[in-house]
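Quick notes on the structure that follows.
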Amino acid sequence: MSVPKAARLRAEQLRAELERHNRLYYEQDSPEVSDAEYDRLFRELVALEEQHAELRSSDSPTQRVGGAPLAELEPVRHELPMLSIKTETDTEDSGAANFDARMLRELGAQAAPLEYAAELKFDGLAISLLYEDGLLTRAATRGDGEVGENVTQNVRTIRSIPLRLRGKPPARLEVRGEIFMNRSDFERFNQRQQAAGLKQFVNPRNSAAGAVRQLDPKLTAQRPLRFFAYGIGVAEGWKLPPTQGKVLDALEEFGLPVNGERKVVKGPAGLIEYHRRVGALREKLPFDIDGVVYKVNRLELQRELGFEAREPRWAVAHKYPAQEEVTEVVGIEVQVGRT
Numbered sequence: 000m001s002v003p004k005a006a007r008l009r010a011e012q013l014r015a016e017l018e019r020h021n022r023l024y025y026e027q028d029s030p031e032v033s034d035a036e037y038d039r040l041f042r043e044l045v046a047l048e049e050q051h052a053e054l055r056s057s058d059s060p061t062q063r064v065g066g067a068p069l070a071e072l073e074p075v076r077h078e079l080p081m082l083s084i085k086t087e088t089d090t091e092d093s094g095a096a097n098f099d100a101r102m103l104r105e106l107g108a109q110a111a112p113l114e115y116a117a118e119l120k121f122d123g124l125a126i127s128l129l130y131e132d133g134l135l136t137r138a139a140t141r142g143d144g145e146v147g148e149n150v151t152q153n154v155r156t157i158r159s160i161p162l163r164l165r166g167k168p169p170a171r172l173e174v175r176g177e178i179f180m181n182r183s184d185f186e187r188f189n190q191r192q193q194a195a196g197l198k199q200f201v202n203p204r205n206s207a208a209g210a211v212r213q214l215d216p217k218l219t220a221q222r223p224l225r226f227f228a229y230g231i232g233v234a235e236g237w238k239l240p241p242t243q244g245k246v247l248d249a250l251e252e253f254g255l256p257v258n259g260e261r262k263v264v265k266g267p268a269g270l271i272e273y274h275r276r277v278g279a280l281r282e283k284l285p286f287d288i289d290g291v292v293y294k295v296n297r298l299e300l301q302r303e304l305g306f307e308a309r310e311p312r313w314a315v316a317h318k319y320p321a322q323e324e325v326t327e328v329v330g331i332e333v334q335v336g337r338t
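273 is the number that numbering that gives the first Met the number 0 gives to position 274 of the sequence shown; each next residue is one higher, with no gaps.
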């Protein structure tokens, strides 16, 4: 049975409107409508798709609620390994200067001043998203870097992750990024858990990681997860931009959330200034970070620098001192059980 033109047009309008509200809420923290109004639009789309099954598509917002529970998570071999980044344990300015000096030794002093892409180091779960012809077809955890776990059904419930890319994306594009929770979302989630007499979680990172690896996608859908893209793996049918900064700009144009605190800087002075600025901003961010990441900006120089063991030579994570608090123990309870 053919779908009436008015119903098809309304369904398209509702999908576009719901995805726009998702971006406003999850990426820009500036919602335009109340939760009740969002739910009304969502229910209208559900009703249309139930009335006309031909309207239901894999990239519809209605498909984010989660599918049937899985028996287990299937392994996924990454086409390009998801390598870890070397950590600079020197949390002072000298940590940034040391990285720049190391890059100049590798590339030759004539390359100075080097240009770097400086980004936040998110404290969440690394994820790989595969888009084919613009459609999200697979999501996988990092795992051991070579083999991860297929968590596609779970990731599809995360509203900040687009099910279909905008514009003219590559034929195959693997997007890499981080799944995390805002601190305020985590606190509200734990309050709901406590009110329901359910398990509470220690921190946002553990809660996010546990949610993504659930066997029941409906449980994942209940947690307020978010996502930021920070790089790519496989890219086919795309002339790559020349720099890391331009890659992130392109991902943003495709509709992927990319954090706005990134910056392209030059030389050790630029790295140091960025590290200091983000350090001062750290407590005001809505999510947890434990450092920043520096990457040689030009992709051709990244290729020239290559890899060492399981780490890229052209990148480093520059951490901050561990956050510590002083507290007082006012009492303890001792319980003796049967065992």
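For glycine and all other residues, C-beta sits at the position ideal for the given N, C-alpha and C.
{"Item": "Enumerate in chain order the residues of its own chain whose CB-to-CB distance from N267 is below 7 Å, with the five nearest sequence positions on each side excluded.", "Value": "For the record, residue 267 in the displayed sequence is Pro; it is not Asn. The answer, listed in chain order, is A95, A96, D99."}
{"Item": "For my contact list, L44 and L17 are in at a C-beta cut-off of 8 Å; report their separation, rounded to the angstrom.", "Value": "7 Å"}
{"Item": "Suppose the cutoff is 6 Å on Cβ atoms and the five residues either side in sequence are ignored; what does the same chain contact list for V75 look like?", "Value": "A139, G147, N149"}
{"Item": "So what's P60 in DSSP terms, helix, strand or just coil?", "Value": "helix"}
{"Item": "Within this structure, are the beta carbons of G166 and E251 separated by less than 7 Å?", "Value": "no"}
{"Item": "Quick one: give me the first and last residue of the beta strand (DSSP E) that K120 is part of.", "Value": "114-121"}
{"Item": "Within 10 angstroms of its Cβ, does G336 collect 16 or more other Cβ (buried), or is it exposed?", "Value": "exposed"}
{"Item": "From the DSSP output, in three-state form, read off L72 for me.", "Value": "coil"}
{"Item": "Is the CB-CB distance between L304 and E105 below 7 Å?", "Value": "yes"}
{"Item": "Leaving out five residues before and five after V292 in sequence, what residues of the same chain have Cβ atoms less than 6 Å from its Cβ?", "Value": "E118, K120, A316"}
{"Item": "Let me check one thing: in DSSP terms, what residues is Q226 bridge-paired to?", "Value": "According to the sequence as given, residue 226 is Phe; it is not Gln. The partner list for F226 (beta bridge, DSSP) reads I178."}
{"Item": "Give the secondary structure of E87 by DSSP, where H, G and I count as helix, E and B as strand, and everything else as coil.", "Value": "strand"}
{"Item": "Nearest-angstrom Cα distance between T168 and H274?", "Value": "Reading the sequence as shown, one finds Pro at residue 168 and not Thr. So the two alpha carbons sit approximately 33 Å from each other."}
{"Item": "Under the rule that 16 or more other beta-carbon atoms within 10 Å means buried, what is A52, buried or exposed?", "Value": "exposed"}
{"Item": "So, do the segment 124-135 and the segment 298-312 have three or more beta carbon pairs nearer to each other than 8 Å?", "Value": "no"}
{"Item": "So the candidates are Q199, E186, A220; which of them puts its Cα closest to the Cα of T156?", "Value": "A220"}
{"Item": "Assuming T136 is part of the beta strand (DSSP E), what are its boundary residues?", "Value": "134-140"}
{"Item": "Using a Cβ-Cβ cut-off of 8 Å (strictly less than) and excluding sequence neighbours within five positions of L103, which residues of its own chain qualify?", "Value": "A110, A111, L113"}
{"Item": "Go ahead and label E31 buried or exposed: buried means 16 or more other beta carbons lie within 10 angstroms of its beta carbon, across all protein chains shown.", "Value": "exposed"}
{"Item": "Measure the alpha-carbon distance for V201 versus R171 and round it to whole angstroms.", "Value": "37 Å"}
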